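Asks: Sequences listed follow chains A and B, in order. If you're matching positions, the first sequence starts at 0 in numbering that gives the first Met the number 0 and goes up one per residue. If you're matching positions, the second sequence starts at 0 in numbering that gives the first Met the number 0 and goes up one per residue. From the three backbone atoms N, C-alpha and C, an ideal C-beta is built for every residue, glycine too. The structure presented is a predicted model; accordingly, all values stated were derived computationally and were not measured. I'd like to ask you about the structure that follows.
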Amino acid sequence: MVTMAARGSRLKGLRYAAEGRGFLATLLISPAVLFIAALVGAPLALAVYLSFTDATAGSLTGKWIGLGNFRTELHDPVFRGALWHTFLLTAISQAIVVVCAGLLAHGLMRSFRGRWILRFLILLPWAAPIALTVTGWYWIYGAGIPEASVLNWFLIHLHLESATNVTNWLGTPRAAMGSIIAVQAWRTIPFATVIFLAGISSIPQEVDDAAAIDGATGLKKFWYVSLPLQLPIALVAVLFGVIFTATDMIVPYVLTNGGPFNSTQVLTTWAFQIGIVSGNVGQGAAIALFMLPLLALVTIGMLVFARKAEVT
Amino acid sequence: MSEEKRLNRRELLKKAGAGAAAVGAAGAGAPFAFAGPHKYKGRWLSGNLSLITWVHFVPSYDAWFDPWAKAWGEANDVQVTVDHINNTLLDTRAAAEVAAQSGHDLFFNLHPMALYYDQVIDHKDIVTEVARTQGAYMPIAQASTYSAKLKKYFAVSDSYVPDPVVWRYDLWTGVGAEPNTWENVLKAAPKLKKIGHPIGIGQSQELDSNMALFAFLMCFGSFLQDANNHPSLDTKKTVQAVNFMAQIYRVGETPDIFSWNPASNNNYLYAGTASLILNAISATRTPEALHLPFSDSLWIWPIPAGPYGRLGLEHLMGCWNIWKFAQNKANAEQFLIDLLKAGKQATLQSQLYNFPTFAKTFPFPEIRKVAAADPHKPNGKYTILTTIAEKYTHNIGYPGTMNPAMDEVFSTFLIPQMFAQVSQGKLTAAQSVAQTKAQVSQIYAKWRARGAV
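Right, here's the structure in full:
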């Protein structure tokens, strides 16, 4: 009897321990941790190691050269250009995204006929495979022949451009960078719009009513009431947008491949060019890793700001 | 036991000998008796062979190659898989296979991949075996695929493609000029542009711009490396060449050339716009096939002469590579030997686009006869191809040989960039050349430190 009672008590203890928050939480989270460690952590560690070596194509080891790759890149004008272009591209495209997504979200909150169709259409660029949509844009820009550009055709017929002097969207530095920024903004706007919509929906009606009673309308209401309430969730959209844009390679690769003369080269395309096409794996890893501390800083900064801005 | 049935020693030996001979003969003939003659040519081969190649610019070549590869597989008891991809994807595909250390047994590219010298087998046995029956491996192929420093054939070339200047006879005679020198091209360019037919030499980060501008530099006496593979970009001559091309752009081209891909100059010609491009004969074969109204007016000539002479490059260098990690190396080697021996067929099926790389496979006089018999107008326009192939076609890296540093200069498009930033007024020619020279030196120093140059 005593033995059975003791066993029963032990089982109860084990069950209690298994159901305990510490044990159960660890157990449930561990597959995800293992998954991330294997698929993100290990390649990241390997990339860090490679960046300190002179590893070449086909080899995942090399001679240890310390900060040699980083020094070489910092002296390379193409790399410095790529760093600047990455910043420029990310900052401008995300500024466009915030403004457009904000306007679209507010517009889509109103009730009108065809709202669901419009929401669906706005989401399409996000849902479509990026390689296909960028190839579509490549054709829209004329695929290397400005006279064949659909965009130029429209501009000419709207009398915004002369037929004898059409814009070479992908062949001159400014136009090429502008074209890439436009596509990056176009593909990120739907995601940001959805996040903004969720943010606006989460504002309680009472707050709106109280603001109306206090006489806050229009821009004032937006600035003092809606914006502070939306800011934390809007920052999440911006954070994702920054990371998606800064780490994206497909758009610049398909549209310009870094050209003309490296004027649209960004860190991802340059890392690919050096690390994969030219076979300097160690150097390519060093270029790719330049983004890591920068993006980590941006992320931490934004999360801290979001926490401060959180309205409870 | 009767006397007659008894055998003496001599008779026994005789009968035993005859019996042994009969059994031996029957044994040796058994496989034929039961299975017929040997079915497979390469009895030692079996299993699979996977290969990847491009989609040929002349479709009739692929129409010949794919069944040929299949028939080769059937004759050798090998399951052959042929994959075709767009030419612009070959470099990244090769990089991916090397990174993964897995992929096709045979990899074809349009330029020698010296960068992967350590990832491929030595192809010497293939070159030696083919040379035994097909004559010497041509100097252009040797310089493109052999590293004297590493003492290794890092690829084997089955073909090279001459790179003539393709020009519209009707338009050029209309302005009273001919593109036999670069000076004449510069003089005629504004007149041609004025009548709506600009020059079409690219300055973009792509293969055709690379080839045209490398060759253009050589016509001005500017070489990226010397005969010993040391970087040797002469500042004065290079600045002269870059300024000259910027002038051609300003007076006779349109900004299109900065955003071209390898097919763009062809399309520019097919659209009836371009008056001159540097390209292989696919640029004349397509208009012929499509019966474009100006196809009879398309002439091909050797590259225009510059101050240093008339020095052209191959337009493409067909190079096969067997990876060290290939699963079926013996099959791949035999396939290449047989393919190279079939070089004459390949040249004919490509409509004289591919030129073989072994001297006796399809000797120049024979190719000339075929070219002269080509029915397209103007009569005999393709006969000049053999002269271009023999006299004016050089390897990338001429007067030196292909090596990993040259491959990196080529694949990072430093030369089109050097020209483009001057043509667009971003830098002066002196600044652009100095910048490129520094980049080239850095690349060479890196590969030299690795002992590969």
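Count the other CB atoms, across all protein chains shown, that sit within 10 Å of the CB of Met244 (chain B); report buried if there are 16 or more and exposed otherwise.
Replies: Taking the first residue of the second sequence as position 1, residue 244 (chain B) is located at position 245. Flag for Met244 (chain B) reads buried.
Asks: Once DSSP output is grouped into helix, strand and coil, what is the label at Gly134 (chain B)?
Replies: In the second sequence, residue 134 (chain B) corresponds to position 135, counting from 1. DSSP places Gly134 (chain B) in coil when its eight states are reduced to three.
Asks: At what residues does the alpha helix (DSSP H) containing Asp233 (chain B) begin and finish?
Replies: Within the second sequence, the letter at position 234 stands for residue 233 (chain B). No alpha helix (DSSP H) holds Asp233 (chain B); DSSP gives it neither H nor E.
Asks: What's the gap between the Cα of Phe106 (chain B) and the Cα of Asp157 (chain B)?
Replies: By one-based count along the second sequence, residue 106 (chain B) stands at place 107. By one-based count along the second sequence, residue 157 (chain B) stands at place 158. Approximately 12 Å, taken between the alpha carbons.
Asks: Quick check on DSSP: helix, strand or coil for Ile152 (chain B)?
Replies: For the purposes of this step, residue 152 (chain B) is taken as residue 153 along the second sequence, with counting starting at 1. Correcting the residue type first, residue 152 (chain B) is Tyr in the shown sequence and not Ile. Correct three-state label for Tyr152 (chain B): strand.
Asks: Which runs of the alpha helix (DSSP H) fall wholly inside the segment 361-424 of chain B and span at least 4 residues, in chain order?
Replies: Correct list: 363-371, 383-390, 403-410 and 413-422.
Asks: Label Arg9 (chain A) either buried or exposed according to how many other C-beta atoms from any shown protein chain fall within 10 Å of its C-beta, with 16 as the threshold for buried.
Replies: For the purposes of this step, residue 9 (chain A) is identified with residue 10 of the first sequence, where counting begins at 1. Answer is exposed; the Cβ neighbour count stays below 16.
Asks: Counting only runs that start and end within the segment 227-276 of chain A, where is the alpha helix (DSSP H) found for 4 or more residues in a row?
Replies: Whole alpha helix (DSSP H) segments, 4+ residues: 249-254 and 266-271.
Asks: How about Tyr152 (chain B) and Val129 (chain B): do their beta carbons lie closer than 8 Å?
Replies: Here residue 152 (chain B) refers to the residue found at position 153 of the second sequence. Here residue 129 (chain B) refers to the residue found at position 130 of the second sequence. Contact flag unset, no.
Asks: Comparing C-alpha positions only, which one of A:Gly240, A:Leu122, A:Ser201 and A:Leu218 sits nearest to Ile180 (chain A)?
Replies: For the purposes of this step, residue 180 (chain A) is taken as the residue at position 181 of the first sequence. Here the closest residue by C-alpha is A:Gly240.
Asks: Assuming Pro303 (chain B) contacts Pro189 (chain B) under a Cβ cut-off of 8 Å, what Cβ separation, rounded to an integer in Å, is found between them?
Replies: The sequence position of residue 303 (chain B) within the second sequence is 304, counting from 1. The sequence position of residue 189 (chain B) within the second sequence is 190, counting from 1. Between Pro189 (chain B) and Pro303 (chain B) the Cβ distance is about 16 Å, and since that is not below 8 Å, they are no contact.
Asks: Within 10 angstroms of its Cβ, does Gly195 (chain B) collect 16 or more other Cβ (buried), or is it exposed?
Replies: Numbered from 1 along the second sequence, position 196 holds the residue referred to as residue 195 (chain B). Exposed: under 16 other Cβ atoms inside 10 Å.
Asks: Going along the chain, which residues of its own chain have a beta-carbon closer than 8 Å to the beta-carbon of Leu149 (chain B), five neighbours each way excluded?
Replies: For the purposes of this step, residue 149 (chain B) is identified with residue 150 of the second sequence, where counting begins at 1. Answer for Leu149 (chain B): Tyr116 and Ala451, listed in chain order.
Asks: Are the segment 78-89 of chain A and the segment 257-276 of chain A touching, with three or more C-beta to C-beta distances below 8 Å?
Replies: With the cut-off at 8 Å, the segment 78-89 of chain A and the segment 257-276 of chain A touch.
Asks: List the endpoints of the continuous alpha helix (DSSP H) containing Gln333 (chain B).
Replies: As a first step, residue 333 (chain B) must be located in the second sequence, where it is residue number 334. It spans Lys328 to Lys340 - the alpha helix (DSSP H) in which Gln333 (chain B) sits, taken as one unbroken run.
Asks: For Gln469 (chain B), return the contacting residues in chain A, with the cut-off set at a CB-CB distance below 8 Å.
Replies: It is not possible to answer for residue 469 (chain B), since the shown part of chain B is limited to 0 through 452.
Asks: When Cβ atoms are compared, which residues of the segment 76-94 of chain B fall closer than 8 Å to chain A?
Replies: Taking 8 Å as the Cβ-Cβ cut-off against chain A, the residues of the segment 76-94 of chain B that qualify are Asp90, Thr91 and Ala94.
Asks: Please compile the residues from chain B whose C-beta is within a distance smaller than 7 Å of the C-beta of Leu131 (chain A).
Replies: Counted from its first residue, the first sequence places residue 131 (chain A) at position 132. Here the premise fails: no neighbours, minimum Cβ distance about 15 Å.
Asks: What are the partner residues of Trp322 (chain B), as DSSP defines its beta bridges?
Replies: Locating residue 322 (chain B) in the second sequence gives position 323, counting from the first residue. According to DSSP, which records beta bridges pairwise, Trp322 (chain B) is partnered with B:Val119.
Asks: Answer yes or no: does any C-beta atom of chain A fall closer than 8 Å to that of Thr427 (chain B)?
Replies: In the second sequence, residue 427 (chain B) corresponds to position 428, counting from 1. It does not: the Cβ of Thr427 (chain B) has no partner Cβ on chain A nearer than 8 Å.
Asks: Helix, strand or coil: which one does DSSP assign to Val165 (chain B)?
Replies: For this step, residue 165 (chain B) is matched to residue 166 along the second sequence. It is a strand residue.
Asks: Taking all protein chains shown into account, do 16 or more other C-beta atoms lie within 10 angstroms of the C-beta of Asp286 (chain B), making it buried, or fewer, making it exposed?
Replies: Taking the first residue of the second sequence as 1, we reach residue 286 (chain B) at position 287. One detail in the question is off: residue 286 (chain B) reads as Pro in this sequence, not Asp. It counts as buried.
Asks: By the criterion of Cβ-Cβ separation under 9 Å, what are the contact partners of Ala245 (chain B) in chain A?
Replies: As a position in the second sequence, residue 245 (chain B) is number 246, starting the count at 1. Chain A residues near Ala245 (chain B): none, gap ~13 Å exceeds 9 Å.
Asks: Could you check the C-alpha separation between Thr166 (chain A) and Leu159 (chain A) for me, to the nearest Å?
Replies: As a working mapping, residue 166 (chain A) is identified with position 167 in the first sequence. As a working mapping, residue 159 (chain A) is identified with position 160 in the first sequence. If I take the Cα positions, the gap works out to 11 Å.
Asks: Nearest to His375 (chain B) by CA position, among B:Gln438, B:Leu291, B:Pro58 and B:Gln430, is which residue?
Replies: Position 376 of the second sequence holds residue 375 (chain B). Of the listed residues, the one whose Cα sits closest to His375 (chain B) is B:Leu291.
Asks: Do we get a CB-CB distance below 8 Å when we pair Ser201 (chain A) with the residues of chain B?
Replies: As a position in the first sequence, residue 201 (chain A) is number 202, starting the count at 1. Not one chain B Cβ lies under 8 Å of Ser201 (chain A).
Asks: Sort B:Ile387, B:Asp207, B:Phe64 and B:Cys318 by Cα distance to Arg367 (chain B) and report the nearest one.
Replies: Here residue 367 (chain B) is taken as the residue at index 368 of the second sequence, counted from 1. Ranking B:Ile387, B:Asp207, B:Phe64 and B:Cys318 by Cα distance to Arg367 (chain B) puts B:Ile387 first.
Asks: Which residues bound the alpha helix (DSSP H) around Ile302 (chain B)?
Replies: For the purposes of this step, residue 302 (chain B) is taken as the residue at position 303 of the second sequence. Note, Ile302 (chain B): premise wrong, no alpha helix (DSSP H); not H, not E.
Asks: Give the straight-line distance between the Cα atoms of Gly35 (chain B) and Leu44 (chain B), rounded to the nearest whole angstrom.
Replies: Within the second sequence, residue 35 (chain B) is the residue found at index 36, counting from 1. Within the second sequence, residue 44 (chain B) is the residue found at index 45, counting from 1. Low per-residue confidence applies at Gly35 (chain B): pLDDT is 44, beneath 50, and the placement is therefore not dependable enough to give any value.
Asks: Quick one: which unbroken beta strand (DSSP E) runs of 3-plus residues sit fully inside the segment 219-281 of chain B? Chain order, please.
Replies: Runs of the beta strand (DSSP E) inside the segment 219-281 of chain B: 275-277.
Asks: Buried or exposed: which applies to Pro42 (chain A), given that a residue is buried once 16 or more other Cβ atoms fall within 10 Å of its Cβ?
Replies: Along the first sequence, one-based indexing puts residue 42 (chain A) at 43. Pro42 (chain A) comes out exposed.
Asks: Taking all protein chains shown into account, do 16 or more other C-beta atoms lie within 10 angstroms of the C-beta of Leu169 (chain A), making it buried, or fewer, making it exposed?
Replies: On the first sequence, residue 169 (chain A) is found 170 positions in, with the first residue counted as 1. Classification of Leu169 (chain A): buried, given that the 10 Å Cβ count is 16 or more.
Asks: Keeping to the same chain, check which residues put their C-beta closer than 7 Å to that of Leu413 (chain B); ignore five residues upstream and five downstream.
Replies: The residue you call residue 413 (chain B) lines up with position 414 of the second sequence. The residues are Thr435, Gln438 and Val439.
Asks: Out of B:Gly305, B:Leu351 and B:Gln326, which has the shortest C-alpha to C-alpha gap to Val77 (chain B)?
Replies: Start at 1 with the first residue of the second sequence, and residue 77 (chain B) comes out as number 78. Here the closest residue by C-alpha is B:Gln326.
Asks: Specify, as a first and last residue, the run of the beta strand (DSSP E) that Gly46 (chain B) falls within.
Replies: Here residue 46 (chain B) refers to the residue found at position 47 of the second sequence. Per DSSP, Gly46 (chain B) belongs to the beta strand (DSSP E) from Gly46 to Trp53.
Asks: Look up Asn179 (chain B) in the DSSP assignment and say whether it is helix, strand or coil.
Replies: Here residue 179 (chain B) corresponds to residue number 180 of the second sequence, with the count starting at 1. Correct three-state label for Asn179 (chain B): coil.
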